[in-house]
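Participant:
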Amino acid sequence: MTQEGSIITDEMKALIGVEGTPTVLEVEKGAIRMMAEAIGDPNPLWQDEDYAKKTKYGGIIAPPVFLCSPRAGIARGVQRKSPFLRALAGGDELEYLKPVKLGDTITAVSRVTEYSEREGKRGKMLFTIIETTFKNQRDEVIVIGRSTYISY
Amino acid sequence: MAKKQLYYEDVEAGSEITPLAKISTMLMAVKWAGSSGDFNPHHYDDAFAATQGTDGVITHGALKRAWLVNLITDWIGDEGWVKKFSCQYRALDRPRRMASMMTPQEGETWWCKGKVTNKYVEDDQHLVECEIWVENGKGEKTTPGNATVILPSRG
C-alpha cells in the first residue's frame, strides 16, 4: 500500500531489486588515460607500461574511480522511477575487491535497492540508492558501488 | 617517477594524509563529462543549470570523489590498496571559468585532505581507516568521506 501523501508508489516498490540491462566495457588504455587526465592524476601506474610492469600488478591498472562512471555502467540500464525531473548526486560508497587491468572486459549490472523521501528546502525530495556490481571476464566480482541520487 | 611506499608502521591515528590541491574549472568539467560519460548539462551549460535550482553550474560530485581517491592512491603508493571508500556531496562547488583556452580565471582552489582515524590487523590485512574531505576556498568541507586502505607491513 502506498502511504497517504507518499511519493513512493507501488510501481516504484515493485522495481526494487530488479536488475537492469548489463553494460559491457572493454578496458582500453586511451580511456584510462583520458580519465586520469580529467582527474589531473599523473600516477604512472595508470599510464606507463614499463613502470607498471615492475609493480605487483605486472601491468597497467585503471584508477579506482574508472568503473564508477555512467560509461562503465554505474546506474545504467536500471529500472527507476521518479516524480521529479531534477536530480543531484548525494554520495557514493564503494568496495574494491580486485584491480581492473588493461584489457579486462567488465560487466556492470545495476539495481535500485532503496527509495526514501525527505522534506527539504525545495519541498519533497526522493532519495534513490542504486547498487552496481562489476564483474570481470573471469566472473569475479571486482567492485560493488552504491550511489545515492537526490531527486527534487 | 620514483614513488615513496607507505607502510602500516608509518601511520598512527591522527596522522595527516599529504594534502592535494585541485582546481575545478569548466575545462575539467567537460573533460570529466567526456571521460566518465556523465553528460548532465548541469555541469557545463549555464542556461540549463539555471533551471536546476542550484544557482548555476556545479562541479560533478563524481569528480570530487575522483580527487579524493587520487589523494588516497598518491598517499598509499603502489603496494597499498583502497578497500572501501565513501563520500557525500554535502555542499555544491562551482568551477572556475576559463580565462583562455587552457588557463582558468583567478579564483578558488580546493584542497583534498585527510587523517588516519584507526588502524588494526584483521584476516592478515593491515588496515587503516581514514577520514577524508574536499575543502573549498573558504575552508568549508563540501565533500566529507571515509576510506579503509590496506597497507604493506614491514612485518
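Residue numbers (my numbering), protein chains in the order written: chain A, 1 to 152; chain B, 1001 to 1155.
For each residue, glycine too, the CB sits at the ideal point set by N, CA and C.
Go ahead and label A/Met125 buried or exposed: buried means 16 or more other beta carbons lie within 10 angstroms of its beta carbon, across all protein chains shown.
Facilitator: The residue labelled residue 125 of chain A in the question sits at position 125 within the first sequence. Buried.
Participant: B/Thr1073 to A/Glu131, Cα distance in whole Å?
Facilitator: Residue mapping note: residue 1073 of chain B aligns to position 73 of the second sequence, counting from 1. Residue mapping note: residue 131 of chain A aligns to position 131 of the first sequence, counting from 1. Distance between the alpha carbons of B/Thr1073 and A/Glu131 is about 24 Å.
Participant: Report yes if the CB atom of B/Tyr1089 is closer than 8 Å to the CB atom of B/Gly1061, and no otherwise.
Facilitator: Reading the second sequence from its first residue, position 89 is the one you call residue 1089 of chain B. Reading the second sequence from its first residue, position 61 is the one you call residue 1061 of chain B. Contact flag set, yes.
Participant: Could you spell out where the alpha helix (DSSP H) holding B/Ser1036 opens and where it closes?
Facilitator: As a position in the second sequence, residue 1036 of chain B is number 36, starting the count at 1. Element bounds for B/Ser1036: 1026 to 1036.
Participant: Helix, strand or coil for A/Lys53? Go by DSSP, reduced to three states.
Facilitator: Residue 53 of chain A sits at position 53 when you count from the first residue of the first sequence. Assigned with DSSP and collapsed to three states, A/Lys53 falls in helix.
Participant: In this structure, how does DSSP classify B/Phe1039 when only helix, strand and coil are distinguished?
Facilitator: For the purposes of this step, residue 1039 of chain B is identified with residue 39 of the second sequence, where counting begins at 1. Coil.
Participant: Note down, in chain order, each residue of its chain lying with its Cβ closer than 6 Å to the Cβ of A/Glu114, except the 5 sequence neighbours on either side.
Facilitator: Here residue 114 of chain A is taken as the residue at index 114 of the first sequence, counted from 1. For A/Glu114, same chain residues with a beta-carbon under 6 Å away, outside a window of 5 residues either side, are Ile129 in chain order.
Participant: Give the secondary structure of A/Glu37 by DSSP, where H, G and I count as helix, E and B as strand, and everything else as coil.
Facilitator: The residue you call residue 37 of chain A lines up with position 37 of the first sequence. In the structure shown, A/Glu37 sits in a helix (DSSP, three-state: H, G or I).
Participant: Rounded to a whole number of angstroms, what is the C-alpha to C-alpha distance between B/His1042 and B/Lys1003?
Facilitator: Walking along the second sequence from the start, residue 1042 of chain B turns up at place 42. Walking along the second sequence from the start, residue 1003 of chain B turns up at place 3. Using only the alpha carbons, I get a separation of about 37 Å.
Participant: What does a CB cutoff of less than 6 Å around A/Tyr51 pick up in its chain, not counting 5 residues either side in sequence?
Facilitator: Locating residue 51 of chain A in the first sequence gives position 51, counting from the first residue. Pro44, listed in sequence order.
Participant: So, for A/Gly17: in the same chain, excluding its five sequence neighbours on each side, which residues have a beta-carbon less than 6 Å away from its beta-carbon?
Facilitator: Within the first sequence, the letter at position 17 stands for residue 17 of chain A. Excluding sequence neighbours, A/Gly17 sits near Arg111.
Participant: Any chance you could list the beta strand (DSSP E) runs of at least 3 consecutive residues sitting entirely within the stretch 1074 to 1116 of chain B, in chain order?
Facilitator: With a minimum length of 3 residues, the continuous beta strand (DSSP E) runs that stay inside the stretch 1074 to 1116 of chain B are 1081 to 1088.
Participant: Taking B/Ala1066 as the query, report the chain A residues whose CB atoms sit under 7 Å from its CB, ordered along the chain.
Facilitator: Taking the first residue of the second sequence as position 1, residue 1066 of chain B is located at position 66. Ile39, Val65, listed in chain order.
Participant: Taking 8 Å as the limit between beta carbons, can you name the residues of its chain near B/Met1098, skipping five residues before and five after?
Facilitator: The sequence position of residue 1098 of chain B within the second sequence is 98, counting from 1. Hits under 8 Å: Thr1025, Met1026, Leu1027, Pro1104, Gln1105.
Participant: So is B/Tyr1120 buried or exposed if we call it buried at 16+ other beta carbons inside 10 Å?
Facilitator: Along the second sequence, one-based indexing puts residue 1120 of chain B at 120. With fewer than 16 other CB atoms across the displayed protein chains lying within 10 angstroms of its CB, B/Tyr1120 is exposed.
Participant: What are the residues that DSSP puts in a beta bridge with A/Asp197?
Facilitator: It is not possible to answer for residue 197 of chain A, since the shown part of chain A is limited to 1 through 152.
Participant: B/Ala1062 versus chain A: which residues are under 8 Å apart at the beta carbon?
Facilitator: Sequence index remark: in the second sequence, residue 1062 of chain B carries index 62 (1-based). Neighbours of B/Ala1062 on chain A, chain order: Val65, Cys68, Ser69, Ala89, Asp92.
Participant: Return no unless some Cβ of chain B is closer than 8 Å to the Cβ of A/Tyr96.
Facilitator: Counting from 1 along the first sequence, the entry for residue 96 of chain A is found at position 96. Yes - at least one Cβ of chain B is within 8 Å of the one on A/Tyr96.
Participant: Just the chain A side, please: which residues come within less than 7 Å of B/Asp1038 by C-beta, in chain order?
Facilitator: Here residue 1038 of chain B refers to the residue found at position 38 when the second sequence is read from its first residue. Within chain A, the residues near B/Asp1038 are Ser69, Pro70.
Participant: Can you name the residues of chain A whose CB is closer than 9 Å to the CB of B/Val1082?
Facilitator: For this step, residue 1082 of chain B is matched to residue 82 along the second sequence. Chain A residues near B/Val1082: Pro64, Leu94, Tyr96.
Participant: Could you tell me the boundaries of the alpha helix (DSSP H) in which A/Lys135 lies?
Facilitator: The residue given as residue 135 of chain A occupies position 135 in the first sequence. From DSSP, A/Lys135 is part of no alpha helix (DSSP H) but of the beta strand (DSSP E) over 123 to 135.
Participant: Apply the 10 Å Cβ neighbour rule to A/Leu88 and answer buried if 16 or more other Cβ atoms are within range, or exposed otherwise.
Facilitator: Taking the first residue of the first sequence as 1, we reach residue 88 of chain A at position 88. By the neighbour-count criterion, in which a residue is buried when 16 or more other Cβ atoms sit within 10 angstroms of its Cβ, A/Leu88 is buried.
Participant: Alpha helix (DSSP H) containing A/Glu11: first to last residue?
Facilitator: Position 11 of the first sequence holds residue 11 of chain A. First-last of the alpha helix (DSSP H) with A/Glu11: 10 to 14.
Participant: Going by DSSP, name the residue or residues bridged to B/His1060.
Facilitator: Position 60 of the second sequence holds residue 1060 of chain B. In DSSP, B/His1060 forms no bridge with anything.
Participant: Chain B partners of A/Leu86, CB-CB under 7 Å?
Facilitator: Residue 86 of chain A sits at position 86 when you count from the first residue of the first sequence. The amino acid occupying residue 86 of chain A in the given sequence is Arg; Leu does not appear at that position. Near A/Arg86 (Cβ distances below 7 Å), the residues of chain B are Gln1052, Gly1053.
Participant: Compute the beta-carbon to beta-carbon distance between B/Ser1086 and B/Asn1146, rounded to the nearest angstrom, for a pair I have assumed lies under 8 Å.
Facilitator: Taking the first residue of the second sequence as position 1, residue 1086 of chain B is located at position 86. Taking the first residue of the second sequence as position 1, residue 1146 of chain B is located at position 146. Right, their Cβ atoms sit about 5 Å apart.
Participant: Could you run through the stretch 117 to 148 of chain A and flag, in chain order, every residue whose CB is less than 7 Å away from some CB of chain B?
Facilitator: Listed by position along the chain: Arg122.
Participant: Examine the ligand FMN and report whether any of its heavy atoms sits within less than 7 Å of the Cβ of A/Leu97.
Facilitator: Although the ligand FMN was asked about, the structure shown includes no ligands whatsoever.
Participant: Going along the stretch 10 to 35 of chain A in order, which residues come within less than 8 Å of chain B, judged by CB to CB distance?
Facilitator: Ala31, Met34, Met35
Participant: Would A/Thr55 count as contacting chain E if we go by Cβ distances under 8 Å?
Facilitator: The chain labelled as chain E is not found among the protein chains of the depicted structure, namely A and B.
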